[in-house]
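S.K.:
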Amino acid sequence: MSVDRELHVATSIRGLPSWLLGRAAARGRALVAEHLARHDIKLWEHAVLSALSDLGEISQAELGRAIALDRKDVAGVVSGLEGRGLLTRAPDPRDRRAVIITITADGKRLARQCARAGADANEQLLADLTPDERARLVDLVTRVARVDGEPTASST
């Protein structure tokens, strides 16, 4: 394939919604990661603390399902956060095989700081949009991503 042909193929995908959504997601993740790094926290650590702030104490398995993270990866993130005193793990008195995760006061404080950092990153991401455009974008992306609980084609 000639260089000219390769360039055309590479640029022809730039108008596809899938490519554009991927680029927007990558930019958003990078901005959030940059803002979270100021608090010495990573994206998945933030997701865990945020989920615990929202859901309260929860089993480690339920936590993984809530944030769509593999159980082995959840265990690693939880272990790191526990080592920093941001959450605790304890055996579930109802099921000795299960572990209950609870966010600590320091974890809650950091989760609030990270929520503000995430909001600042999203403000930067959407700075060129009006409030109405932002609301419309969130509505459209929610529908496309099917994050509202709607079944996807692969689950039907």
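Everything in the sequence shown is counted per the numbering used here, starting at 22 for the first residue and increasing by one. Glycine included, each C-beta is placed from N, C-alpha and C at the ideal position.
Assuming Lys-129 and Ser-74 make a contact with CB atoms under 8 angstroms, what is their CB distance in whole Å?
M.R.: With a Cβ gap of about 6 angstroms, Lys-129 and Ser-74 count as contacting.
S.K.: For Leu-102 and Thr-32, what's the separation of their Cα atoms in angstroms?
M.R.: Looking at the two C-alpha atoms, the distance is approximately 42 angstroms.
S.K.: Contact check, Val-120 vs Gln-81 under 8 angstroms by CB: the rounded distance?
M.R.: The Cβ separation is near 5 angstroms, so the contact holds.
S.K.: Under the assumption that Asp-127 contacts Leu-107 (Cβ atoms under 8 angstroms), give the Cβ distance between them as a whole number of angstroms.
M.R.: Confirmed, about 6 angstroms.
S.K.: Report the option in Asp-149, Ala-142 and Pro-152 whose CA atom is closest to the CA atom of Leu-64.
M.R.: Taking only the C-alpha atoms, the option nearest Leu-64 is Ala-142.
S.K.: If you follow the alpha helix (DSSP H) that Arg-133 is in, where does it begin and where does it stop?
M.R.: From DSSP, the alpha helix (DSSP H) with Arg-133 extends over 126-146.
S.K.: For the alpha helix (DSSP H) that Leu-158 lies in, which residues bound it at each end?
M.R.: It spans 152-166 - the alpha helix (DSSP H) in which Leu-158 sits, taken as one unbroken run.
S.K.: Would Thr-123 and Glu-83 be called neighbours here (beta carbons separated by less than 8 angstroms)?
M.R.: Contact: no.
S.K.: Looking at the strands, I want to know which residues DSSP matches up with Ser-80.
M.R.: Answer is Ile-121, bridged to Ser-80.
S.K.: Does DSSP put Arg-110 in a helix, in a strand, or in coil?
M.R.: It is a strand residue.
S.K.: Once you ignore the five residues that flank Arg-1 on each side, which residues in its own chain have a CB closer than 8 angstroms to its CB?
M.R.: In the structure displayed, the chain extends from 22 to 177; residue 1 sits before or after that span and is not available.
S.K.: Using DSSP's beta-bridge definition, name the partner residues of Asp-116.
M.R.: DSSP output for Asp-116 lists Asp-113 as bridge partner(s).
S.K.: Looking only at its chain, what residues have a beta carbon closer than 7 angstroms to the beta carbon of Val-98, apart from the 5 residues adjacent to it on each side?
M.R.: The answer, listed in chain order, is Trp-65, Glu-66 and Val-69.
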